[in-house]
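Residue numbering for the sequence shown follows my numbering, starting at 33 and increasing by one per position.
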Amino acid sequence: MSGGYRRFTLLILVAATVAGGAILALTREPLPVKGRMEGATQLSLLLDGPFGTRFAGEMIAHKREYFAPNVTVRADPNDPDFVAAVARQHAIGVTSGHKFLLAAWRGVPVTAFAASFLDTSIAIFTLESSGLRRPADLIGKRVGYRRATEGDVIFDAMMAQLGLPRSQIAKVADRDSFDALRAREVEAIIAPVDDQPSSSVTSGDVRLNVIKPQDYGIHVPGLVYFASNDLIHDQPSLITDVLQGLIRGWHFAYTDYARTVPILVGFDPERLDPDRVRLELQQQRDLILPTGGRIADYDESRWRTLRDILIFAKLGEEQVPLAQLVNYQLLRDVYRRSPDLATSGAGRGEN
């Protein structure tokens, strides 16, 4: 299905949902890297969240010295103005495409230049014993969610895309945990796929079904890399150098878990459990290494779909065209300069 046709379909379905009152709920809310960069300005790479497997590529690149010494990696969780903070510091950041686009529409001077998660990590979880396996099965059921989040918007867009009556679903705020699901406080929850408990936790009669929006035509950027407009305009070579390090970091992360897991756990040994880290790496692998795709790549159709979803959810207005907010050339330059990065063998030379 072409991007234009998909967008047209989404417009029609959402318009129909508006007539039915569903939108009302949405409004509520291979030159060595170091050799090229030495002497450059100190640069920060900020993570929108705590150290963990979502940022394995960044963490590995830092520990393996794929970045120059002047590049620091910092976790910056719980900052409601994360995108603006990155812009103020003339830094590089990684956050959800959802959060990036809304901030850019509010006037924050930033540009996205690559993807971390190529698609959303959001999924809908149900208990296997419930028999709820498709979006249509959720009609008349309680769904736990968190307001004004990526999951909230993605869920409503999926239901609209399928022409399902969103008004007939009871969304329960702040009941998006797996504990709430196991306690039968809700029949389904909206959560990132890498939050899924291990099989040792969900044994017996609490096995899970997973409903992925991607299986129903909803494809949007997941986590994206972005930087202040000034940094991209004035020092594009800094961006491409860091981007090359990130690609190498993600390659290494999925080359040998026996080496990757201890590196990641070492960032926060008291909080990060080796078995859990390994599980989360496996759960998010397809978002990083898609079959036939390249690490960090994204396409315009995903951005157009995200734009349409946010607009019709009445969460923002497109103040700046996508063409001015998303840069594709920097990633193309990196792969053209180092074509070996496009193959899975790129990281194996390090092992």
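Glycine included, C-beta positions come from ideal geometry on N, C-alpha and C. In this text the structure is predicted, and so the values were computed from the model without any measurement.
Ends of the alpha helix (DSSP H) at residue i?
i    : result
S269 : 268-285
R166 : Counting along the chain, R166 falls outside any alpha helix (DSSP H), and DSSP gives it neither H nor E.
L313 : 306-320
A88  : 88-95
A212 : 210-214
A119 : 114-120
Using a Cβ-Cβ cutoff of less than 8 Å, which residues in the same chain neighbour residue i once the five nearest sequence positions on both sides are dropped?
i    : result
R106 : S76, L77, L78, L79
V185 : L58, H130, I341, L342, A345, L347
L338 : G129, H130, L133, V252, P253
M91  : F83, V105, G281, I295, L296, F299
T292 : A88, I92, F284, A285, Y286, L313
I264 : T143, F145, I271, N359, L362
Y248 : P167, M190, Q193, L194
I124 : L75, S76, L77, L78, V118, Y257, F258, A259, L263, I271, V274
T73  : N102, Q267, L270
Nearest-angstrom Cα distance between residue i and residue j?
i    : j    : result
E4   : R207 : Nothing about residue 4 can be reported from this structure: the residues present for the chain run from 33 to 383 only.
P322 : D372 : 17 Å
K244 : Q316 : 13 Å
S230 : R239 : 10 Å
S128 : H122 : 19 Å
G325 : Y286 : 15 Å
D151 : L319 : 6 Å
R303 : F87  : 15 Å
F132 : G172 : 33 Å
D266 : P141 : 14 Å
L164 : E182 : 22 Å
F258 : E332 : 16 Å
E358 : A215 : A small correction: the amino acid at residue 358 is Val; Glu does not occupy that position in the sequence shown. Taking the straight line from one Cα to the other gives about 43 Å.
V115 : N261 : 12 Å
P306 : R336 : 38 Å
R120 : F99  : 22 Å
L194 : D188 : 10 Å
V118 : M191 : 34 Å
P112 : A135 : 11 Å
M69  : L354 : Summary for M69: the model assigns pLDDT 36, below 50, so the residue's position carries little reliability, and this model does not support an answer.
Excluding the 5 residues flanking residue i on each side, which residues of the same chain have their C-beta closer than 7 Å to its C-beta?
i    : result
P82  : A107, P109
T375 : none
L363 : F145, A146, L275, A328, D329
V103 : L75, L77, V274
L196 : P167, A168, I171
Specify, as a first and last residue, the run of the beta strand (DSSP E) that residue i falls within.
i    : result
Y257 : 255-260
S199 : Looking at the DSSP string, S199 is not in any beta strand (DSSP E), and its letter there is neither H nor E.
Y177 : 174-177
V105 : 103-107
Just to confirm my understanding: we take residue i, look at its own chain, exclude 5 residues before and 5 after, and list those with CB closer than 6 Å. What are they?
i    : result
R334 : H251, V252, P253
A202 : R174
T85  : V309, E312, L313
A212 : G176, V218
A155 : V225, V242, K244
L278 : G89, A93
F149 : G254, L255, L319
V366 : T272, L275, Q276
W137 : G348, Q351
R368 : none
K95  : I295
T158 : L164, A220, N241
I'd like to confirm the pairing. Which residues does DSSP put opposite residue i in its beta bridges?
i    : result
N241 : T158
S230 : None, per the DSSP bridge assignment.
V293 : Per DSSP, none; premise fails for V293.
G125 : L78, F258
K203 : V175
I384 : The chain is shown only over 33 to 383; residue 384 falls outside these bounds and no answer can be derived.
Less than 7 Å separating the Cβ of residue i from some heavy atom of the ligand COA?
i    : result
D340 : Among the components modelled here there is no ligand, and therefore nothing to report on the ligand COA.
Can you check the region 131-158 for any beta strand (DSSP E) of at least 3 residues that lies completely inside it and give the ranges in chain order? 142-147
Ignoring anything shorter than 3 residues or poking outside the region 337-379, list the beta strand (DSSP E) runs there in chain order. none
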